[in-house]
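Structure, as structure tokens:
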Amino acid sequence: MWDNINSDRRNDFDHEFYVPPTLDALPQITPHFFVPPLENKPQNPVMENLNLENMNMNMPPRIYHPPQLPRELIALTLDVTHVKGDETSSASVEELWRNAATRQLGVKNGLLSWDRLRQSHSSKASSTPFLSEQGEFVYASAWNHIRPRFFNILEKTIHLTQHELFLSLKSIVLGVSSQYHVWDSISEYFVPVGTIHNARRGVLLIDGKDEVVSNSLVVRFLRIGTLLRRLEILLSSLQARSSKDGPTIHSLAHALSTILDYLREMITQCPPTEEQIATKDENFPLLSTLAHYESYESLLDALADLFGRQYGISPESYIVLDLSPVSLVSHLYRHLNSHFERQSPSIICATVAFLLTITSQEYFRGLAGSVGFGGQLPEKELGPKSKESGLNNFELDDEEDEEDILDRLDRIEASFPAFFPQKVLQTFPAAQKSLVLLKIAQPDHPLITKPAHYSPLRWLWTIPEVTAAWDDSPVPPNSVTAVQTGPSSSSPSHISYKAELSDFRVFDLEPGETIAVPSLQIRNNSATSLGTFIKDFPQALPAIIPTLPDLTSLIFKNLMSHSESLSSALLSLVIDAPGLLNFHSHLVILRSFLLITHPSFRSRLLNALFSDAGEYEVNYTAHSMSVQSVRQRQRQGKAPKESDQPWAVGLSPNLLEREMWPPVGADLSFFLRTVIVDSLETDGEKEFGTDKREPVIEEAGWRLGFAVRDLPTGPGRDKWLDPLCMALDFLYMDYKPPHPLEILISPDVLSKYQRMFTFILRLLRVESATKSLFRMSSHRAIADFLFPTLTQSRKLLLYFRFVSQAFVSSLSGYVFDTAIGGNFDPFLAQLSTKPANASTRDPSERKFEFNDVFELSQRHSALLDDILTACLLRSGQRGVGDLLRHSLELILEFTIVVGELHRGRIQEFQAAPLIEELFRKFCTKMKTLTKVLKGLVEKNSLSSAISLLMHTDGRRPTGGLEALYHLLIRIDLTDWWSQERKSSRGP
1 MWDNINSDRR NDFDHEFYVP PTLDALPQIT PHFFVPPLEN KPQNPVMENL
51 NLENMNMNMP PRIYHPPQLP RELIALTLDV THVKGDETSS ASVEELWRNA
101 ATRQLGVKNG LLSWDRLRQS HSSKASSTPF LSEQGEFVYA SAWNHIRPRF
151 FNILEKTIHL TQHELFLSLK SIVLGVSSQY HVWDSISEYF VPVGTIHNAR
201 RGVLLIDGKD EVVSNSLVVR FLRIGTLLRR LEILLSSLQA RSSKDGPTIH
251 SLAHALSTIL DYLREMITQC PPTEEQIATK DENFPLLSTL AHYESYESLL
301 DALADLFGRQ YGISPESYIV LDLSPVSLVS HLYRHLNSHF ERQSPSIICA
351 TVAFLLTITS QEYFRGLAGS VGFGGQLPEK ELGPKSKESG LNNFELDDEE
401 DEEDILDRLD RIEASFPAFF PQKVLQTFPA AQKSLVLLKI AQPDHPLITK
451 PAHYSPLRWL WTIPEVTAAW DDSPVPPNSV TAVQTGPSSS SPSHISYKAE
501 LSDFRVFDLE PGETIAVPSL QIRNNSATSL GTFIKDFPQA LPAIIPTLPD
551 LTSLIFKNLM SHSESLSSAL LSLVIDAPGL LNFHSHLVIL RSFLLITHPS
601 FRSRLLNALF SDAGEYEVNY TAHSMSVQSV RQRQRQGKAP KESDQPWAVG
651 LSPNLLEREM WPPVGADLSF FLRTVIVDSL ETDGEKEFGT DKREPVIEEA
701 GWRLGFAVRD LPTGPGRDKW LDPLCMALDF LYMDYKPPHP LEILISPDVL
751 SKYQRMFTFI LRLLRVESAT KSLFRMSSHR AIADFLFPTL TQSRKLLLYF
801 RFVSQAFVSS LSGYVFDTAI GGNFDPFLAQ LSTKPANAST RDPSERKFEF
851 NDVFELSQRH SALLDDILTA CLLRSGQRGV GDLLRHSLEL ILEFTIVVGE
901 LHRGRIQEFQ AAPLIEELFR KFCTKMKTLT KVLKGLVEKN SLSSAISLLM
951 HTDGRRPTGG LEALYHLLIR IDLTDWWSQE RKSSRGP
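Going by UniProt numbering, the final residue of the sequence shown carries number 987, and the count climbs one at a time with no gaps.
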């Protein structure tokens with residue numbers, strides 16, 4: 001026992017005294033082969049090979065040990081009757097190899113596989129030695145022997161024959177669950193049975209096929225069934241939408257339903273047929289069977305991509321389609337165009353074209369109806385006016401009708417599909433609005449009551465349809481639109497019906513009688529029509545329209561012609577037609593009154609609002625503002641009491657009679673109303689003519705009117721409350737155009753006229769003030785009292801008076817002659833241009849310079865913009881416009897100072913520094929103004945050339961910025977204001 005203990009201790013502690021062996025004690029590694037060195041003698045390879053061959057032939061035979069075959073292959077390789085006793089004997093196996101070597105069954109090489117050893121091997125078999133190219137059962141057996149499937153608890157393996165497979169897949173391919181696959185509503189896939197509520201993986205194995213081959217055979221059917229089922233779910237959601245969403249969505253649902261019915265019908269006819277399945281023949285031609293479904297798989301892939309339901313994405317990743325008509329039709333068109341560009345199969349292009357044709361049918365019908373294309377619109381669409389109302393029946397008392405017109409124009413759809421040609425996008429919106437206006441202006445127009453006969457707006461795909469549309473011939477009916485889904489019109493009935501009411505005969509029959517009459521059965525031929533559509537669809541577009549955009553332009557050709565005729569008809573009505581809607585006459589009224597170019601109106605307005613008298617007094621003429629107060633004063637024989645307020649030089653004394661500002665009241669309204677009426681009655685026929693403008697003149701008396709507005713107040717904004725300043729800004733002139741000319745004379749355009757009216761009133765006020773200044777300082781008996789002792793101040797007064805009068809007269813001539821006349825007269829000349837053949841009366845032969853009334857309205861607005869720009873009244877010209885306005889204000893202040901001096905309210909020593917300060921400021925403003933004008937003129941390099949053309953071509957408009965060249969020439973011809981002045985007291 002002690003020895004054992006000691007031995008254990010030695011074992012426990014030997015490592016403390018262990019000495020590793022040295023390197024010399026390691027065993028040597030010797031080679032396991034030996035290459036003898038060559039003998040040092042000449043070599044003879046030929047003799048050596050002969051000796052080696054002789055030695056091999058004389059060697060004793062080797063003992064043959066044949067390999068053992070797998071037990072499951074013995075029955076296939078050995079003759080059963082020959083190996084009854086010992087199936088695995090060496091002799092039998094050796095005999096098998098020997099027989100295989102001597103049979104030479106289709107062998108072209110020396111390689112043999114175990115499959116060739118069996119006696120039942122066909123002589124017609126392939127000569128290849130590879131297992132993968134042998135029979136399916138042989139290859140599957142070998143593959144299963146080499147790589148057997150391991151058991152996996154997370155996998156569910158199903159073995160089935162080809163008969164069972166196709167019996168199941170014929171249901172799956174139609175989108176119906178089978179005994180091996182069920183529909184998962186969450187992931188929207190067909191999954192193996194028993195794998196929905198767990199994490200197991202289903203494996204389907206076909207007899208004679210491995211997992212990879214079995215999956216490749218099944219995946220196409222699962223893909224087709226899944227996509228078909230997903231499209232059915234989409235179809236259900238489309239059909240469940242409300243009718244308020246519009247007919248385009250329901251047309252899409254109908255087209256998609258037709259396509260799915262067609263696919264089910266065609267897939268049902270694909271092999272294997274019911275007879276093949278019933279024979280239980282296991283040898284189905286798998287590759288040819290799969291080839292029948294390839295086109296339908298490609299078609300479903302294209303449809304799934306169109307609607308965002310691709311096979312590889314989950315329901316959470318579905319694309320949400322915009323189902324508005326414009327977006328939907330554009331989306332279908334883009335996909336169809338992409339298939340044409342990629343040269344997709346004909347069935348895909350035809351199906352997407354069918355989808356686009358049916359979906360856009362209602363949209364195109366509504367689009368064509370919005371311009372009266374293809375027939376007369378319903379009576380309820382004719383607008384607020386009745387058909388019996390003529391042009392002279394327009395009244396403005398009912399303002400609701402006016403609002404309805406503007407609202408209806410605003411409600412017109414302004415967005416169109418992206419594939420519309422650019423010319424359609426430019427013309428069609430104007431045609432839609434033109435139809436609304438034409439029905440109001442002339443409800444009995446031939447384009448409304450008797451529209452031209454055109455083929456309905458639809459897609460053209462076949463070569464005969466395209467050729468007929470290209471040649472402007474009648475287009476043959478489309479097979480899609482000729483589908484009859486109702487009962488036949490040849491149903492028996494005892495009552496005679498009209499042709500268009502023949503379908504109502506079915507209601508005269510007894511209940512149940514339609515069942516026995518085949519002609520009365522309701523048939524859905526939509527799938528048949530789609531098949532016909534696909535069959536007739538060309539492989540490529542015709543050569544005359546090689547692309548889809550060219551085809552789009554062709555189908556819109558007639559619509560464009562109708563739209564242009566509609567726009568031209570309305571344009572001809574407002575330009576050529578005499579009467580109340582003659583736009584030229586209304587422009588003459590606007591120019592004459594709102595721009596104050598009518599001589600009679602201008603003289604009466606000057607007499608009413610302004611005064612150029614050289615004395616401060618109240619006017620006691622018959623045109624006095626307050627006639628009753630004048631009579632009372634005359635009856636009492638009292639002179640008017642002079643006011644203590646400063647003299648508002650240039651204003652009519654009648655405006656200041658009540659010593660309140662603004663002088664609003666019934667007297668002012670009546671007096672200004674008299675100005676309008678008297679101006680229209682006096683020289684009205686001579687000015688405006690009596691032929692076609694007479695109705696406009698007759699109604700201008702109540703369409704024109706003065707009005708007073710409240711302007712903002714505050715620091716720097718209350719000058720309109722002071723009669724000594726530019727104090728008539730509160731007064732403006734308004735115009736009520738008739739229906740439907742509010743499109744041409746819009747509120748925005750009227751506001752521009754009113755801005756010019758305000759500016760012209762300021763200019764007339766300063767012009768009247770300068771005339772009063774001349775009266776005060778020119779008469780010898782009066783002028784002696786102005787600076788009788790201050791000679792230099794008197795010289796400065798006379799010089800300032802001359803400079804002011806020259807600037808005001810130059811500015812006034814520029815505003816009325818260049819800014820207004822130079823732009824307005826050429827515009828009126830464009831409206832009065834006669835056609836080349838003046839004898840023709842056909843409006844369609846008239847070629848206008850405007851495409852439609854809306855372009856005319858834009859040109860009218862641009863005309864006012866040019867006039868405002870020429871007068872420096874645009875918002876972008878605020879700086880230079882303020883310089884012009886301040887220069888006029890300084891002149892007005894100068895006249896007021898001289899007026900106070902003339903009245904004796906201030907002394908000459910008080911007025912002298914005021915005039916000197918005003919003159920210095922005026923020179924500074926004018927110097928800056930001319931400098932800025934030169935900069936503006938130099939920026940526009942064409943101003944000089946254009947100004948020269950103005951003198952040779954009077955019909956050319958002066959424009960906006962281009963006209964500033966004329967203003968610069970008028971106020972600073974010799975660069976006088978640009979020169980430096982040593983003294984501000986005069987020249």
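We put the CB at the ideal spot given by N, CA and C, even for glycine. Nothing here was measured: the structure is a model prediction, and the numbers come from that model.
Problem set entry | Beta-carbon separation (whole angstroms), Asp536 vs Thr462, contact threshold 8 angstroms | About 5 angstroms separates the beta carbons of Asp536 and Thr462, which is inside the 8 angstroms limit, making them a contact pair.
Exercise. Skipping 5 residues on each side, what residues in its chain have a beta carbon closer than 8 angstroms to that of Leu566?
Worked result: Same-chain partners within the cutoff: Val371, Gly372, Ala431, Ser434, Leu435, Leu438 and Leu447.
Problem set entry | Pairwise C-alpha distance: Lys423 and Leu581 | Going by the C-alpha atoms only, they are around 28 angstroms apart.
Exercise. Using 8 angstroms as the Cβ pair cut-off and three pairs as the minimum, do the region 237-252 and the region 314-330 touch?
Worked result: Output reads yes: the region 314-330 touches the region 237-252.
Problem set entry | Close Cβ partners of Ile969 (< 6 angstroms) along its chain, the five nearest in sequence each way excluded | Same-chain partners within the cutoff: there are none.
Problem set entry | Bridge partners - Glu889, DSSP secondary structure assignment | DSSP lists no partner for Glu889.
Exercise. Between Gly650 and Met776, is the Cβ-Cβ spacing less than 8 angstroms?
Worked result: Against a cut-off of 8 angstroms, the Cβ pair of Met776 and Gly650 comes out as no contact.
For this session: Whole angstroms is fine: what's the gap from Leu831's alpha carbon to His584's?
Result: Approximately 7 angstroms between the Cα atoms of the pair.
For this session: Output the boundary residues of the beta strand (DSSP E) element that contains Lys934.
Result: Looking at the DSSP string, Lys934 is not in any beta strand (DSSP E); the run it does join, the alpha helix (DSSP H), is Glu908 to Lys939.
Exercise. Going by beta carbon distance, what residues of the same chain come within less than 7 angstroms of Val749, once the five residues before and after it are set aside?
Worked result: Closer than 7 angstroms at the Cβ level, and outside the excluded window around Val749, lie His860, Ser861 and Leu864.
Exercise. Which partner residues of Arg201 appear in the DSSP bridge assignment?
Worked result: Here Arg201 is bridged, per DSSP, to Glu155.
Exercise. Can you tell me where the beta strand (DSSP E) with Asp184 in it begins and where it stops?
Worked result: Its beta strand (DSSP E) spans residues His181 to Asp184.
Problem set entry | Straight-line gap, Leu306 to Leu174 (C-alpha atoms, nearest Å) | Taking the straight line joining both Cα atoms gives about 20 angstroms.
For this session: Give me whichever residues DSSP pairs with Leu731 in a beta bridge.
Result: BP columns for Leu731 point to Val708.
For this session: Give the single residue among Val352, Leu50 and Phe166 whose Cα lies nearest to the Cα of Leu328.
Result: Distance check between Leu328 and each of Val352, Leu50 and Phe166 places Val352 closest, using alpha-carbon atoms only.
Exercise. Is Phe807 helix, strand or coil by DSSP?
Worked result: In the structure shown, the three-state DSSP call for Phe807 is helix.
Exercise. With a CB to CB cut of under 6 angstroms and the five nearest residues on each side skipped, what residues in its chain are close to Val191?
Worked result: Excluding residues within five positions, the ones whose Cβ falls inside 6 angstroms are Asp184.
Problem set entry | alpha helix (DSSP H) runs contained entirely in the region 419-448, provided each spans 4 or more residues | If we require 4 residues or more, the alpha helix (DSSP H) runs fully inside the region 419-448 come out as 422-441.
Exercise. For the candidate residues Ser669, Arg602 and Glu615, whose alpha-carbon lies nearest to that of Pro646?
Worked result: When only C-alpha atoms are compared, the closest one is Glu615.
For this session: Please name the residue in Asp301, Ile319, Leu300 and Pro315 whose C-alpha comes closest to that of Gly308.
Result: Nearest in C-alpha terms to Gly308, of all of Asp301, Ile319, Leu300 and Pro315, is Ile319.
Problem set entry | Ser344 versus Pro538, Thr357 and Thr157, residue with shortest Cα-Cα distance | Closest in C-alpha terms to Ser344, from the list Pro538, Thr357 and Thr157, comes Pro538.
Exercise. Starting from Pro738 and walking both ways along the alpha helix (DSSP H), at which residues does that stretch end?
Worked result: Here Pro738 belongs to no alpha helix (DSSP H), and DSSP marks it neither H nor E.
For this session: Label Asp979 either buried or exposed according to how many other C-beta atoms from any shown protein chain fall within 10 Å of its C-beta, with 16 as the threshold for buried.
Result: Looking at the sequence shown, residue 979 is not Asp but Gln. Gln979 comes out exposed.
For this session: Along the alpha helix (DSSP H) that carries Phe854, what are the first and last residues, could you check?
Result: That run of the alpha helix (DSSP H) goes Val853 to Ala870.
For this session: Determine the direct distance from the alpha carbon of Glu341 to that of Pro417, and round the result to whole angstroms.
Result: So the two alpha carbons sit approximately 20 angstroms from each other.
For this session: Rank Met733, Gly701 and Ala700 by C-alpha distance to the C-alpha of Ala707 and give the top, closest one.
Result: Residue Met733 is the option with its Cα nearest to Ala707.
Exercise. By a C-beta neighbour count over all protein chains shown, 10 Å radius and 16 as the cutoff for buried, is Ser592 buried or exposed?
Worked result: So Ser592 ends up on the buried side.
Exercise. CA-CA distance, Ala469 and Thr449?
Worked result: Cα to Cα, Ala469 sits roughly 25 angstroms from Thr449.
Exercise. What whole-angstrom Cβ distance do Thr818 and His966 have, given they're in contact under 8 angstroms?
Worked result: Confirmed, Cβ separation roughly 5 angstroms.
Exercise. In terms of alpha-carbon separation, which member of Gly959, Cys725, Leu790 and Gly935 lies closest to Thr869?
Worked result: Selection Gly959, Cys725, Leu790 and Gly935 evaluated against Thr869 yields Gly959 as nearest (Cα-Cα).
For this session: Find the nearest neighbour of residue 1061 within the set Leu680, Leu914, Leu263 and Thr258, judged by alpha-carbon distance.
Result: As shown, the chain starts at 1 and ends at 987. That puts residue 1061 outside it, with no answer to give.
Problem set entry | Contact under 8 angstroms by Cβ, Thr770 with Ile891 | Closer than 8 angstroms, so yes.
Problem set entry | Residue from Leu238, Trp976 and Tyr296 with nearest C-alpha to Met266 | In terms of CA proximity to Met266, Tyr296 leads the group Leu238, Trp976 and Tyr296.
Problem set entry | Contact under 8 angstroms by Cβ, Val880 with Leu929 | Taking 8 angstroms as the Cβ cut-off, Val880 and Leu929 qualify as a contacting pair.
Problem set entry | Burial state of Thr30, where buried means 16 or more other Cβ atoms lie within 10 Å | With a 10 Å radius around the Cβ and a threshold of 16 neighbouring Cβ atoms, Thr30 comes out exposed.
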